[in-house]
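In my numbering, the protein residues as written are 2 to 287. Okay, so here's the structure we're looking at.
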């Protein structure tokens with residue numbers, strides 16, 4: 002309960018972080034209750050009489066109209082939150098776990114371990130994100146697994162470098178030396194004493210990774226490398242583009258999924274921006 006109260010006090014004092022957290026909360030609630038909130042099956046082809054309900058405008062029956070194949074746009078947007086969370090949360094967890102572990106090892110152990118991890122991170126940071134993902138999808142099989150792997154493989158260095166810098170500072174503290182003198186093993190010092198100090202910073206980078214993962218899934222799906230059997234915002238945009246929704250003026254088809262993607266990416270940025278003063282107190286005086 003104390004942690005919850007502390008989080009609430011922090012959010013009240015940081016409007017940027019509060020808005021970002023609110024966006025994530027809404028997405029999570031919509032994803033959990035998608036079956037109840039969606040008025041139609043997102044994959045069902047609806048009909049008006051004997052005709053397929055193609056390009057219906059926004060009405061009380063179809064708040065966001067229908068697609069060229071007669072599917073309800075609102076229902077697809079609602080169910081798209083599940084794909085977004087699946088990709089975003091899985092990739093973010095993997096990025097945080099790998100980046101934090103390697104940053105901790107690099108910063109505390111130093112020596113050849115630090116040099117090896119740093120060199121690998123430098124190489125990974127030089128790889129272009131989208132071409133890497135598209136080549137991997139072409140060599141394997143398109144789908145969310147490729148997106149998650151790409152985000153994890155290419156974004157962990159950002160987390161690792163920040164964690165490494167923080168650990169380099171923490172390992173010189175008096176309480177670390179005291180733990181070492183009392184006979185604590187290296188592993189215990191790293192994972193019991195140092196790791197909890199850097200977890201908030203790692204979680205911050207995880208919120209940014211969620212936005213990157215969702216944006217990557219949308220990009221891959223838009224280019225035709227996504228999973229067409231999955232209802233996602235990226236697949237919706239690709240379908241709208243293929244059917245020339247823009248030239249038809251069907252903004253109600255491509256606008257909502259585009260806005261949802263922007264909202265998720267913006268939420269990660271706002272949380273990171275609002276948390277700067279918490280993680281770097283010196284900024285509060287500037």
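All residues carry an ideal CB built from backbone N, CA and C; glycine is no exception.
>> Considering only the alpha carbon of each residue, which of 183, 191, 267 lies closest to residue 168?
In response: Here residue 168 refers to the residue found at position 167 of the chain shown. Selected option, being the one with the closest Cα: 191.
Query raised in the report: Helix, strand or coil: which one does DSSP assign to residue 284?
Result: Here the question's residue 284 lines up with position 283 in the chain shown. Residue placement at residue 284 cannot be trusted, given a pLDDT of 42 that sits under 50; what the coordinates show is reported in the next sentence. Helix.
Segment contact, 8 Å Cβ cut-off, at least three pairs: the segment 116 to 134 with the segment 177 to 193: no
* Asked: With a CB to CB cut of under 8 Å and the five nearest residues on each side skipped, what residues in its chain are close to residue 65?
  -> Here residue 65 refers to the residue found at position 64 when the chain shown is read from its first residue. Excluding residues within five positions, the ones whose Cβ falls inside 8 Å are 59, 73, 74, 75, 78, 253, 254, 257.
**Prompt:** In whole angstroms, what separates the C-alpha of residue 146 from that of residue 175?
**Reply:** One-based indexing of the chain shown puts residue 146 at position 145. One-based indexing of the chain shown puts residue 175 at position 174. Distance between the alpha carbons of residue 146 and residue 175: 44 Å.
Report task. Could you tell me the boundaries of the alpha helix (DSSP H) in which residue 59 lies? Result -> Taking the first residue of the chain shown as position 1, residue 59 is located at position 58. Run containing residue 59: none; DSSP gives neither H nor E here.
* Should the segment 217 to 233 be called in touch with the segment 185 to 204, which here means at least 3 C-beta pairs below 8 Å? -> no
In angstroms, rounded to a whole number, what distance separates the CA positions of residue 63 and residue 23?
Residue 63 sits at position 62 when you count from the first residue of the chain shown. Residue 23 sits at position 22 when you count from the first residue of the chain shown. Their backbone Cα atoms lie some 26 Å apart in a straight line.
The segment 198 to 216 contacting the segment 41 to 53, beta-carbon criterion three pairs below 8 Å: no
Cβ neighbours of residue 69 in the same chain (closer than 7 Å, five flanking residues each side left out):
As a working note, residue 69 is residue 68 in the chain shown. 55, 56, 244.
Whose CA, out of 177, 40, 157, lies closest to the CA of residue 127? Residue mapping note: residue 127 aligns to position 126 of the chain shown, counting from 1. For residue 127, the nearest C-alpha among the options comes from 157.
> Which ranges does the beta strand (DSSP E) cover as unbroken runs of at least 3 residues, wholly within the segment 135 to 161, from first to last along the chain?
Replying inline: none
**OP:** Using 10 angstroms around the beta-carbon of residue 237, count the other beta-carbons present and answer buried if the total reaches 16, otherwise exposed.
**Re:** As a working note, residue 237 is residue 236 in the chain shown. Answer is buried; the Cβ neighbour count reaches 16.
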